[in-house]
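Each step along the sequence shown adds one to the number in the UniProt record's numbering, with nothing skipped, and position 321 is 321. Glycine included, each C-beta is placed from N, C-alpha and C at the ideal position. The structure appears below as C-alpha coordinates.
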Amino acid sequence: MFIFGIFYAWPEENMDKNALRWYRVKGILFRMFFIYLCTASQVAYNFTVTTREELFEGSFVLLTQLVLIMKMEFFYKNISKIQHLVRRLEGELYKSRNSEEDVPLLQARKKTTTFWTVYFIFSDGLVVQWLVIFHIYYKMIVPAWPTVDRYSPSWAFETVIFYQFFSILLNASFNISWDSLVAALLALTNAHLHRLEIQLKKVSAIIYVRPLNEDGSRVERKSNEDVYNDLMRCIVFHQELTGFLRDVLNLFGGPILAQLCCSVFILCITEFRLLTDVNTTEDIIRAVSYLMCLIIQVVQYCYFGNEVNYMSHKVHEATAFMNYPDMDIRTRKLLIAFQMFTSKGILCTVKKVFYIELSMATFVTIIKTSYSYLAVLRSMTD
(Lines of atoms letter the chains of each structure in order from A and count residues from 1; the text may use other names and numbers.)
(Lines give C-alpha, C1' and ligand atoms only; values in the text may rest on other atoms or scores of the structure.)
Protein backbone atom coordinates (compact mmCIF):
# COMPACT_ATOMS: atom_id res chain seq x y z
CA MET A 1 0.00 0.00 0.00
CA PHE A 2 3.00 2.28 0.52
CA ILE A 3 3.82 2.28 -3.22
CA PHE A 4 0.19 2.98 -4.11
CA GLY A 5 0.30 5.90 -1.69
CA ILE A 6 3.35 7.35 -3.47
CA PHE A 7 1.35 7.28 -6.72
CA TYR A 8 -1.67 8.87 -4.98
CA ALA A 9 -3.60 5.72 -5.89
CA TRP A 10 -4.87 4.62 -2.44
CA PRO A 11 -7.15 7.32 -0.94
CA GLU A 12 -8.23 7.03 2.66
CA GLU A 13 -11.71 5.77 3.45
CA ASN A 14 -14.39 8.49 3.78
CA MET A 15 -12.05 11.19 2.46
CA ASP A 16 -13.61 14.63 2.02
CA LYS A 17 -14.81 15.31 -1.55
CA ASN A 18 -12.52 18.31 -2.09
CA ALA A 19 -9.56 16.49 -0.56
CA LEU A 20 -10.27 13.48 -2.77
CA ARG A 21 -10.41 15.69 -5.88
CA TRP A 22 -7.05 17.29 -5.04
CA TYR A 23 -5.61 13.84 -4.22
CA ARG A 24 -6.58 12.62 -7.71
CA VAL A 25 -5.16 15.74 -9.38
CA LYS A 26 -1.80 15.09 -7.67
CA GLY A 27 -1.96 11.50 -8.93
CA ILE A 28 -2.54 12.69 -12.52
CA LEU A 29 0.38 15.16 -12.35
CA PHE A 30 2.63 12.51 -10.83
CA ARG A 31 1.79 10.03 -13.60
CA MET A 32 2.23 12.61 -16.34
CA PHE A 33 5.74 13.50 -15.22
CA PHE A 34 7.15 10.10 -14.26
CA ILE A 35 5.16 7.71 -16.48
CA TYR A 36 3.70 9.33 -19.58
CA LEU A 37 6.63 11.65 -20.33
CA CYS A 38 9.10 8.76 -20.01
CA THR A 39 6.94 6.56 -22.25
CA ALA A 40 6.48 9.35 -24.83
CA SER A 41 10.26 9.74 -25.12
CA GLN A 42 10.56 5.99 -25.81
CA VAL A 43 7.80 6.14 -28.44
CA ALA A 44 9.61 9.05 -30.13
CA TYR A 45 12.85 7.03 -30.11
CA ASN A 46 11.19 4.18 -32.05
CA PHE A 47 10.53 6.60 -34.92
CA THR A 48 14.25 7.42 -35.16
CA VAL A 49 15.75 3.90 -35.22
CA THR A 50 17.68 2.74 -38.27
CA THR A 51 18.72 -0.83 -37.39
CA ARG A 52 17.00 -4.01 -36.25
CA GLU A 53 18.99 -4.05 -32.99
CA GLU A 54 17.83 -0.55 -32.09
CA LEU A 55 14.23 -1.45 -32.88
CA PHE A 56 14.23 -4.54 -30.63
CA GLU A 57 16.08 -2.68 -27.87
CA GLY A 58 13.43 0.02 -27.86
CA SER A 59 10.43 -2.27 -28.35
CA PHE A 60 10.83 -4.69 -25.46
CA VAL A 61 10.97 -1.90 -22.86
CA LEU A 62 8.24 0.15 -24.54
CA LEU A 63 5.81 -2.79 -24.61
CA THR A 64 6.34 -3.30 -20.88
CA GLN A 65 5.65 0.40 -20.28
CA LEU A 66 2.43 0.34 -22.31
CA VAL A 67 1.13 -2.70 -20.38
CA LEU A 68 2.00 -0.94 -17.13
CA ILE A 69 0.07 2.18 -18.18
CA MET A 70 -2.96 0.03 -18.97
CA LYS A 71 -2.74 -1.64 -15.53
CA MET A 72 -2.16 1.69 -13.79
CA GLU A 73 -5.16 3.42 -15.38
CA PHE A 74 -7.30 0.39 -14.60
CA PHE A 75 -6.18 0.63 -10.97
CA TYR A 76 -7.06 4.33 -10.69
CA LYS A 77 -10.44 3.80 -12.34
CA ASN A 78 -11.43 0.86 -10.10
CA ILE A 79 -9.75 1.83 -6.83
CA SER A 80 -13.02 1.88 -4.86
CA LYS A 81 -13.85 -1.69 -5.98
CA ILE A 82 -10.32 -2.86 -5.19
CA GLN A 83 -10.41 -1.33 -1.71
CA HIS A 84 -13.80 -2.96 -1.12
CA LEU A 85 -12.33 -6.38 -2.00
CA VAL A 86 -9.43 -5.86 0.40
CA ARG A 87 -11.77 -4.79 3.22
CA ARG A 88 -13.96 -7.86 2.68
CA LEU A 89 -11.07 -9.92 4.03
CA GLU A 90 -11.57 -8.22 7.39
CA GLY A 91 -15.08 -9.72 7.75
CA GLU A 92 -16.09 -12.12 10.50
CA LEU A 93 -16.01 -15.22 8.26
CA TYR A 94 -12.36 -14.55 7.37
CA LYS A 95 -11.15 -14.43 10.97
CA SER A 96 -9.28 -17.49 12.21
CA ARG A 97 -11.02 -19.35 15.03
CA ASN A 98 -8.05 -21.31 16.43
CA SER A 99 -4.30 -21.86 16.06
CA GLU A 100 -4.81 -24.65 13.53
CA GLU A 101 -6.55 -22.24 11.16
CA ASP A 102 -3.72 -19.73 11.62
CA VAL A 103 -1.29 -22.06 9.82
CA PRO A 104 -2.61 -21.70 6.24
CA LEU A 105 -2.87 -17.91 6.66
CA LEU A 106 0.74 -17.73 7.80
CA GLN A 107 1.81 -19.97 4.91
CA ALA A 108 0.01 -17.69 2.43
CA ARG A 109 1.76 -14.61 3.81
CA LYS A 110 5.10 -16.41 3.70
CA LYS A 111 4.66 -17.45 0.06
CA THR A 112 3.50 -14.03 -1.13
CA THR A 113 6.35 -12.36 0.79
CA THR A 114 8.84 -14.72 -0.86
CA PHE A 115 7.51 -13.95 -4.34
CA TRP A 116 7.49 -10.21 -3.59
CA THR A 117 11.06 -10.27 -2.25
CA VAL A 118 12.48 -12.18 -5.23
CA TYR A 119 10.50 -10.02 -7.65
CA PHE A 120 11.73 -6.85 -5.92
CA ILE A 121 15.37 -7.98 -5.94
CA PHE A 122 15.37 -8.80 -9.66
CA SER A 123 13.26 -5.80 -10.68
CA ASP A 124 14.42 -2.81 -8.62
CA GLY A 125 17.86 -4.36 -8.24
CA LEU A 126 18.06 -4.50 -12.04
CA VAL A 127 17.17 -0.80 -12.32
CA VAL A 128 19.89 0.16 -9.81
CA GLN A 129 22.34 -2.03 -11.71
CA TRP A 130 21.41 -0.24 -14.94
CA LEU A 131 22.05 3.14 -13.32
CA VAL A 132 25.56 2.14 -12.19
CA ILE A 133 26.58 0.39 -15.42
CA PHE A 134 25.24 2.97 -17.85
CA HIS A 135 26.53 5.87 -15.75
CA ILE A 136 30.01 4.40 -16.04
CA TYR A 137 29.72 3.86 -19.81
CA TYR A 138 27.89 7.14 -20.45
CA LYS A 139 24.87 5.40 -22.01
CA MET A 140 21.16 5.92 -21.45
CA ILE A 141 19.39 3.35 -19.27
CA VAL A 142 16.67 2.78 -21.88
CA PRO A 143 16.55 4.06 -25.47
CA ALA A 144 14.73 7.40 -25.60
CA TRP A 145 14.59 10.64 -27.53
CA PRO A 146 16.41 12.99 -27.37
CA THR A 147 19.54 10.88 -27.07
CA VAL A 148 22.38 11.89 -24.74
CA ASP A 149 25.85 10.33 -24.59
CA ARG A 150 29.46 11.09 -23.59
CA TYR A 151 29.52 13.97 -26.07
CA SER A 152 26.52 15.71 -24.48
CA PRO A 153 26.94 18.34 -21.75
CA SER A 154 27.47 16.75 -18.34
CA TRP A 155 24.38 18.42 -16.81
CA ALA A 156 22.17 17.14 -19.65
CA PHE A 157 23.44 13.59 -19.34
CA GLU A 158 23.05 13.54 -15.53
CA THR A 159 19.55 15.01 -15.74
CA VAL A 160 18.32 12.48 -18.31
CA ILE A 161 19.86 9.38 -16.74
CA PHE A 162 18.59 10.19 -13.22
CA TYR A 163 15.14 11.05 -14.57
CA GLN A 164 15.08 7.68 -16.35
CA PHE A 165 16.31 5.95 -13.20
CA PHE A 166 13.58 7.36 -10.95
CA SER A 167 10.88 6.87 -13.61
CA ILE A 168 11.77 3.22 -14.24
CA LEU A 169 12.23 2.56 -10.51
CA LEU A 170 8.75 3.91 -9.80
CA ASN A 171 7.32 2.00 -12.75
CA ALA A 172 8.88 -1.24 -11.55
CA SER A 173 7.68 -0.64 -7.96
CA PHE A 174 4.10 -0.04 -9.09
CA ASN A 175 4.21 -3.15 -11.30
CA ILE A 176 5.50 -5.23 -8.38
CA SER A 177 2.81 -3.87 -6.06
CA TRP A 178 0.01 -4.43 -8.61
CA ASP A 179 1.05 -8.01 -9.36
CA SER A 180 1.69 -8.78 -5.69
CA LEU A 181 -1.76 -7.46 -4.70
CA VAL A 182 -3.51 -9.82 -7.14
CA ALA A 183 -1.26 -12.71 -6.08
CA ALA A 184 -2.01 -11.97 -2.41
CA LEU A 185 -5.77 -12.01 -3.02
CA LEU A 186 -5.47 -15.42 -4.74
CA ALA A 187 -3.15 -16.73 -2.01
CA LEU A 188 -5.53 -15.64 0.76
CA THR A 189 -8.46 -17.24 -1.07
CA ASN A 190 -6.46 -20.48 -1.11
CA ALA A 191 -5.62 -20.10 2.59
CA HIS A 192 -9.28 -19.61 3.54
CA LEU A 193 -10.24 -22.66 1.44
CA HIS A 194 -7.70 -24.54 3.56
CA ARG A 195 -9.42 -23.17 6.68
CA LEU A 196 -12.73 -24.40 5.28
CA GLU A 197 -11.26 -27.87 4.81
CA ILE A 198 -10.22 -27.89 8.48
CA GLN A 199 -13.68 -26.78 9.58
CA LEU A 200 -15.44 -29.43 7.48
CA LYS A 201 -13.39 -32.24 9.02
CA LYS A 202 -14.60 -31.12 12.44
CA VAL A 203 -18.29 -31.26 11.57
CA SER A 204 -19.41 -34.35 13.44
CA ALA A 205 -22.27 -35.55 15.60
CA ILE A 206 -19.78 -37.04 18.06
CA ILE A 207 -17.12 -35.14 20.01
CA TYR A 208 -14.49 -36.57 22.32
CA VAL A 209 -13.85 -34.76 25.59
CA ARG A 210 -10.82 -35.62 27.72
CA PRO A 211 -11.47 -34.98 31.45
CA LEU A 212 -8.78 -33.04 33.30
CA ASN A 213 -7.94 -35.74 35.86
CA GLU A 214 -8.63 -38.93 33.89
CA ASP A 215 -6.61 -40.86 31.33
CA GLY A 216 -9.54 -41.83 29.14
CA SER A 217 -12.00 -39.69 27.24
CA ARG A 218 -15.75 -39.54 27.35
CA VAL A 219 -18.00 -39.28 24.33
CA GLU A 220 -20.59 -36.58 23.98
CA ARG A 221 -23.11 -36.13 21.19
CA LYS A 222 -24.08 -32.88 19.54
CA SER A 223 -27.70 -32.18 18.86
CA ASN A 224 -28.88 -32.61 15.27
CA GLU A 225 -29.51 -28.87 15.12
CA ASP A 226 -25.90 -28.10 16.12
CA VAL A 227 -24.48 -30.43 13.44
CA TYR A 228 -26.78 -28.91 10.82
CA ASN A 229 -25.76 -25.38 11.82
CA ASP A 230 -22.04 -26.29 11.72
CA LEU A 231 -22.41 -27.66 8.19
CA MET A 232 -24.49 -24.67 7.11
CA ARG A 233 -21.79 -22.29 8.37
CA CYS A 234 -19.23 -24.13 6.26
CA ILE A 235 -21.47 -23.90 3.18
CA VAL A 236 -22.03 -20.18 3.73
CA PHE A 237 -18.26 -19.70 4.06
CA HIS A 238 -17.70 -21.67 0.83
CA GLN A 239 -20.26 -19.51 -0.99
CA GLU A 240 -18.57 -16.37 0.29
CA LEU A 241 -15.14 -17.60 -0.85
CA THR A 242 -16.34 -18.55 -4.33
CA GLY A 243 -18.10 -15.18 -4.63
CA PHE A 244 -14.98 -13.35 -3.47
CA LEU A 245 -12.80 -15.21 -5.98
CA ARG A 246 -15.31 -14.56 -8.77
CA ASP A 247 -15.25 -10.82 -7.95
CA VAL A 248 -11.44 -10.79 -7.96
CA LEU A 249 -11.21 -12.54 -11.35
CA ASN A 250 -14.00 -10.45 -12.90
CA LEU A 251 -12.33 -7.24 -11.75
CA PHE A 252 -8.70 -8.07 -12.57
CA GLY A 253 -9.39 -10.49 -15.44
CA GLY A 254 -8.88 -8.00 -18.28
CA PRO A 255 -5.47 -6.67 -17.17
CA ILE A 256 -4.26 -10.16 -16.24
CA LEU A 257 -5.29 -11.48 -19.66
CA ALA A 258 -3.49 -8.59 -21.40
CA GLN A 259 -0.43 -9.13 -19.22
CA LEU A 260 -0.22 -12.86 -19.99
CA CYS A 261 -0.69 -12.32 -23.74
CA CYS A 262 1.87 -9.52 -23.90
CA SER A 263 4.28 -11.58 -21.79
CA VAL A 264 4.50 -14.10 -24.63
CA PHE A 265 5.78 -11.41 -27.02
CA ILE A 266 7.99 -9.68 -24.44
CA LEU A 267 9.57 -13.03 -23.53
CA CYS A 268 10.10 -13.74 -27.23
CA ILE A 269 11.82 -10.39 -27.86
CA THR A 270 13.96 -10.69 -24.72
CA GLU A 271 15.05 -14.22 -25.64
CA PHE A 272 15.80 -13.08 -29.19
CA ARG A 273 18.00 -10.23 -27.96
CA LEU A 274 19.73 -12.56 -25.53
CA LEU A 275 20.61 -14.96 -28.35
CA THR A 276 21.48 -12.51 -31.13
CA ASP A 277 22.15 -8.94 -29.98
CA VAL A 278 23.94 -9.38 -26.65
CA ASN A 279 27.72 -9.22 -26.84
CA THR A 280 29.02 -7.98 -23.48
CA THR A 281 28.78 -9.31 -19.93
CA GLU A 282 26.72 -6.34 -18.70
CA ASP A 283 24.26 -6.84 -21.56
CA ILE A 284 23.91 -10.52 -20.66
CA ILE A 285 23.25 -9.70 -16.99
CA ARG A 286 20.74 -7.05 -18.02
CA ALA A 287 18.85 -9.38 -20.38
CA VAL A 288 18.85 -12.36 -17.98
CA SER A 289 17.66 -10.21 -15.03
CA TYR A 290 14.87 -8.75 -17.16
CA LEU A 291 13.91 -12.26 -18.30
CA MET A 292 13.72 -13.42 -14.67
CA CYS A 293 11.41 -10.48 -13.81
CA LEU A 294 9.04 -11.50 -16.61
CA ILE A 295 9.03 -15.14 -15.54
CA ILE A 296 8.34 -14.27 -11.87
CA GLN A 297 5.55 -11.92 -12.95
CA VAL A 298 3.80 -14.66 -14.92
CA VAL A 299 4.49 -17.61 -12.63
CA GLN A 300 2.96 -16.03 -9.50
CA TYR A 301 -0.42 -15.65 -11.23
CA CYS A 302 -0.31 -19.24 -12.47
CA TYR A 303 1.04 -20.71 -9.23
CA PHE A 304 -1.57 -19.22 -6.89
CA GLY A 305 -4.37 -19.92 -9.38
CA ASN A 306 -3.21 -23.54 -9.50
CA GLU A 307 -3.16 -23.68 -5.67
CA VAL A 308 -6.78 -22.48 -5.48
CA ASN A 309 -7.86 -25.21 -7.90
CA TYR A 310 -5.99 -27.88 -5.91
CA MET A 311 -7.39 -26.73 -2.56
CA SER A 312 -10.95 -26.66 -3.92
CA HIS A 313 -10.62 -30.40 -4.59
CA LYS A 314 -9.26 -30.89 -1.05
CA VAL A 315 -12.41 -29.19 0.25
CA HIS A 316 -14.50 -31.71 -1.68
CA GLU A 317 -12.45 -34.58 -0.25
CA ALA A 318 -12.98 -33.20 3.27
CA THR A 319 -16.72 -33.82 2.96
CA ALA A 320 -15.96 -37.56 2.79
CA PHE A 321 -14.48 -37.44 6.32
CA MET A 322 -17.76 -36.31 7.85
CA ASN A 323 -19.71 -38.78 9.97
CA TYR A 324 -22.59 -39.32 7.57
CA PRO A 325 -24.33 -42.26 9.40
CA ASP A 326 -24.80 -40.26 12.60
CA MET A 327 -26.48 -37.32 10.87
CA ASP A 328 -30.20 -36.82 10.60
CA ILE A 329 -32.00 -36.87 7.23
CA ARG A 330 -32.04 -33.09 6.84
CA THR A 331 -28.27 -32.79 7.41
CA ARG A 332 -27.56 -35.72 5.10
CA LYS A 333 -29.47 -34.10 2.25
CA LEU A 334 -27.60 -30.83 2.80
CA LEU A 335 -24.26 -32.67 2.81
CA ILE A 336 -25.05 -34.54 -0.42
CA ALA A 337 -26.04 -31.31 -2.17
CA PHE A 338 -22.81 -29.66 -0.96
CA GLN A 339 -20.74 -32.62 -2.16
CA MET A 340 -22.29 -32.39 -5.62
CA PHE A 341 -21.55 -28.67 -5.76
CA THR A 342 -17.90 -28.96 -4.63
CA SER A 343 -17.15 -31.93 -6.92
CA LYS A 344 -16.71 -29.48 -9.82
CA GLY A 345 -13.78 -27.77 -8.15
CA ILE A 346 -12.86 -24.12 -8.72
CA LEU A 347 -11.01 -23.07 -11.85
CA CYS A 348 -9.27 -19.69 -11.77
CA THR A 349 -9.98 -18.38 -15.27
CA VAL A 350 -9.65 -14.88 -16.67
CA LYS A 351 -11.88 -14.18 -19.63
CA LYS A 352 -12.85 -11.29 -21.85
CA VAL A 353 -12.66 -12.10 -25.57
CA PHE A 354 -11.38 -15.58 -24.66
CA TYR A 355 -10.39 -17.18 -21.39
CA ILE A 356 -7.14 -18.42 -19.89
CA GLU A 357 -6.92 -20.70 -16.89
CA LEU A 358 -4.45 -19.61 -14.21
CA SER A 359 -2.50 -22.82 -13.68
CA MET A 360 1.03 -24.17 -14.02
CA ALA A 361 -0.04 -25.81 -17.29
CA THR A 362 -0.78 -22.32 -18.63
CA PHE A 363 2.66 -21.13 -17.49
CA VAL A 364 4.30 -23.96 -19.43
CA THR A 365 2.16 -23.08 -22.47
CA ILE A 366 3.29 -19.44 -22.29
CA ILE A 367 6.96 -20.45 -22.20
CA LYS A 368 6.50 -22.91 -25.08
CA THR A 369 4.58 -20.36 -27.16
CA SER A 370 7.24 -17.69 -26.66
CA TYR A 371 9.87 -20.20 -27.77
CA SER A 372 7.82 -21.03 -30.88
CA TYR A 373 7.60 -17.33 -31.77
CA LEU A 374 11.33 -17.05 -31.13
CA ALA A 375 12.03 -19.86 -33.61
CA VAL A 376 9.89 -18.13 -36.26
CA LEU A 377 11.57 -14.78 -35.60
CA ARG A 378 15.05 -16.26 -35.90
CA SER A 379 14.15 -18.01 -39.16
CA MET A 380 12.92 -14.69 -40.58
CA THR A 381 16.07 -12.77 -39.59
CA ASP A 382 18.72 -15.35 -40.51
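With contacts defined as CB atoms closer than 8 Å, L126 and T319 fail to qualify as a contacting pair. For a cut-off of 8 Å, the C-beta gap from T189 to V315 is around 12 Å, too long to register as a contact. Counted as a single uninterrupted DSSP element, the stretch harbouring E13 is not any beta strand (DSSP E), since DSSP gives it neither H nor E. Under the DSSP assignment, K351 falls in the beta strand (DSSP E) whose first and last residues are 349-351. Taking W130 as the centre and dropping the five residues before and after it, the same chain places the C-beta of I141, R286 closer than 7 Å to its C-beta, in chain order.
Approximately 6 Å separates the beta-carbon atoms of A183 and T112; this is inside 8 Å, confirming the contact. Taking C-beta separations shorter than 7 Å and ignoring five residues to either side along the sequence, the partners of I346 in its chain run T242, L245, V308, N309, S312, following chain order. The region 33-53 makes no contact with the region 219-239: fewer than 3 CB pairs, one atom from each, lie closer than 8 Å. Where Y163 is concerned, there is no enclosing beta strand (DSSP E), although the alpha helix (DSSP H) around it starts and stops at 154-201. Annotation for Y355: the continuous beta strand (DSSP E) segment containing it runs 355-357.
Between the alpha carbons of V248 and T48 lies a distance of about 42 Å. Closest option to F265, judged by alpha-carbon separation, among L181, K368, T349: K368. Comparing C-alpha distances from Y138 to each of A361, P146, R150 shows the shortest one belongs to R150. Judged by DSSP in its simplified three-state form, N306 adopts helix.
When secondary structure is reduced to three states using DSSP, T117 falls in the helix class.
The beta-carbon separation of V350 and I256, rounded to 5 Å, stays under the 8 Å limit for a contact. In the structure shown, the three-state DSSP call for G91 is coil.
Exposure of P153 is indicated by the presence of fewer than 16 other C-beta atoms within 10 angstroms of its C-beta. By the neighbour-count criterion, in which 16 or more other beta carbons inside 10 Å mark a residue as buried, S80 falls on the exposed side. The way I'd put it, the region 171-181 does touch the region 67-75; three or more beta-carbon pairs between them come closer than 8 Å. The criterion of a C-beta distance shorter than 8 Å is satisfied by Y301 and L358. Taking 8 Å as the cut-off, the Cβ atoms of N171 and T331 do not count as close.
The continuous alpha helix (DSSP H) containing N250 extends over residues 224-276. The beta-carbon distance between L85 and L185, rounded to whole angstroms, is 7 Å. This is short enough to meet the 8 Å contact definition. Going by DSSP, M340 is part of the alpha helix (DSSP H) stretching over 329-342. Straight-line measurement puts the Cα of I329 at about 47 Å from the Cα of D179. A287 sits in a helix when the DSSP states are folded into three classes. If you ignore the 5 residues before and after M15, its C-beta comes within less than 8 Å of the C-beta of Y23, all in its own chain and listed in chain order.
In the three-state DSSP reduction, G125 falls in the helix class (H, G or I).
DSSP places I6 in the helix class (H, G or I) of the three-state scheme. For A258, the closest alpha carbon among the candidates F338, V364, T64 is that of T64.
In the three-state scheme derived from DSSP, where H, G and I count as helix and E and B as strand, G27 is classed as helix.
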